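Numbering (the numbering used here), first residue to last: 1105 to 1389.
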Ligand code: ZN
C-alpha cells in the first residue's frame, strides 16, 4: 500500500468539498481560484461539476494544464433512468453527449455516471439497470472517440429509489460485463464502506476497470444522507482497509476527497477545508 504520510501528491479535490456544486453554498471561488489553490497546496488533481464549467471547458482545462494540475474527472452525466432523468429519452442522450463534450474540452480523463433511480412505472431495479446498460452502450463509442473514459459509480442503497438503482460494486461489475464496450467503475467509500463483499468485487473489477477512488467518511449519527458527509477520520468507515483493498486490486491513481457537508465544512474557509483534507489524507486514509 502506498505511503501517504509525508506525501499528498495523490490527493485530488472534488469541488463538492467546497460546496460549489449546490446553488447557494460554498465560498464562491471560480474554477481558476480552485485550480490555483490546489496547485499551490500540492494536490495532484481536481474534479469539477458541470454547473461550474458552463461554456468555458477548454479555457478552464488549459488553466489547469498551465499550473500543472490534472483535471482528473467531471461530475457527471445526467441520470439515465428514474424519476429525475431528463425526458424524453432523447433529451437524456443529448445531455449525456453534452457531458462527454465538456469532459473532452476540459481534458478530464473520466466522466462519472450516476445512473438514476427506479424507472417510473416499474418496480425493483432489474428493468432500470437494463435501460442503463442500453444507454451506456449507446454512448460508449461517442466517449471513446473523444478520449473520455466512462465510469459507473454505485451509490449507497439509501439512494436506490431516485438517484441510483446501481447500489453495489457487484452490480456495477455485472453491468460492465453486460455492456459490450470499455466502461469503468468509481469506488466511493461513502457508498461502499458497509459492503463485506467489497474486497472480492474490487479484485473482480481489477486495474483496468477501477477508474477512481473517492474519500470522505460516514458519520455514525449522520443527519442527512445527501449533505452530511464526514471528513476522513470523523466517521465509521475503515479507510485504510478500504484503500488497501482498492490498491490490492491494482488501483494506483488519485484519491479524490468528496465531502458534501452543508452544515459543517461548506461553512468554513476553503483554505481551512483543504488543509484539513491534506492532514487527514496523510494520517487516516
Ligand atoms: Zn463519489
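Beta carbons are placed, not taken as given, at the ideal position from N, Cα and C, and that holds for glycine.
Keep in mind the model is a prediction, meaning the values are calculated, not measured.
Through-space distance from residue j to residue i, alpha-carbon basis
| i | j | result |
| --- | --- | --- |
| residue 1387 | residue 1180 | 30 Å |
| residue 1165 | residue 1172 | 11 Å |
| residue 1350 | residue 1293 | 10 Å |
| residue 1126 | residue 1309 | 31 Å |
| residue 1273 | residue 1219 | 13 Å |
| residue 1247 | residue 1123 | 28 Å |
| residue 1244 | residue 1275 | 19 Å |
| residue 1379 | residue 1325 | 24 Å |
| residue 1115 | residue 1210 | 19 Å |
| residue 1175 | residue 1167 | 10 Å |
| residue 1266 | residue 1207 | 25 Å |
| residue 1214 | residue 1182 | 15 Å |
| residue 1163 | residue 1226 | 43 Å |
| residue 1231 | residue 1222 | 8 Å |
| residue 1146 | residue 1194 | 42 Å |
| residue 1287 | residue 1205 | 17 Å |
| residue 1237 | residue 1282 | 7 Å |
| residue 1346 | residue 1303 | 8 Å |
| residue 1198 | residue 1365 | 31 Å |
| residue 1128 | residue 1141 | 21 Å |
| residue 1234 | residue 1196 | 16 Å |
Per DSSP, cross-strand counterpart(s) of residue i
| i | result |
| --- | --- |
| residue 1118 | 1151 |
| residue 1274 | For residue 1274, which the question treats as bridged, DSSP gives no partner whatsoever. |
| residue 1177 | 1151, 1214 |
| residue 1184 | DSSP, once it has assigned bridges, lists no residue as partnering residue 1184. |
| residue 1256 | 1217, 1289 |
| residue 1268 | 1220 |
Assigned exposure category for residue i - 16 Cβ within 10 Å defines buried
| i | result |
| --- | --- |
| residue 1260 | buried |
| residue 1291 | buried |
| residue 1299 | buried |
| residue 1330 | exposed |
| residue 1224 | exposed |
| residue 1307 | exposed |
| residue 1212 | buried |
| residue 1109 | exposed |
| residue 1155 | exposed |
| residue 1384 | buried |
| residue 1321 | buried |
| residue 1112 | buried |
| residue 1185 | buried |
| residue 1158 | exposed |
| residue 1106 | exposed |
| residue 1301 | exposed |
| residue 1249 | exposed |
| residue 1257 | buried |
What are the start and end residues of each continuous beta strand (DSSP E) run of 3 or more residues lying completely inside the segment 1328-1371, in chain order? Inside the segment 1328-1371, DSSP marks whole beta strand (DSSP E) runs of 3 or more residues at positions 1359-1361, from first to last along the chain.
Whole alpha helix (DSSP H) elements within the segment 1281-1335, 4-residue minimum: 1293-1296, 1302-1313
Using 8 Å as the Cβ pair cut-off and three pairs as the minimum, do the segment 1360-1374 and the segment 1328-1347 touch? yes
Could I get the ranges of all uninterrupted beta strand (DSSP E) runs contained in the segment 1197-1244, with 3 residues as the minimum, in chain order? Listed in chain order, they are 1214-1217.
When the Cβ atoms of the segment 1186-1195 are set against those of the segment 1364-1372, are three or more pairs found closer than 8 Å? no
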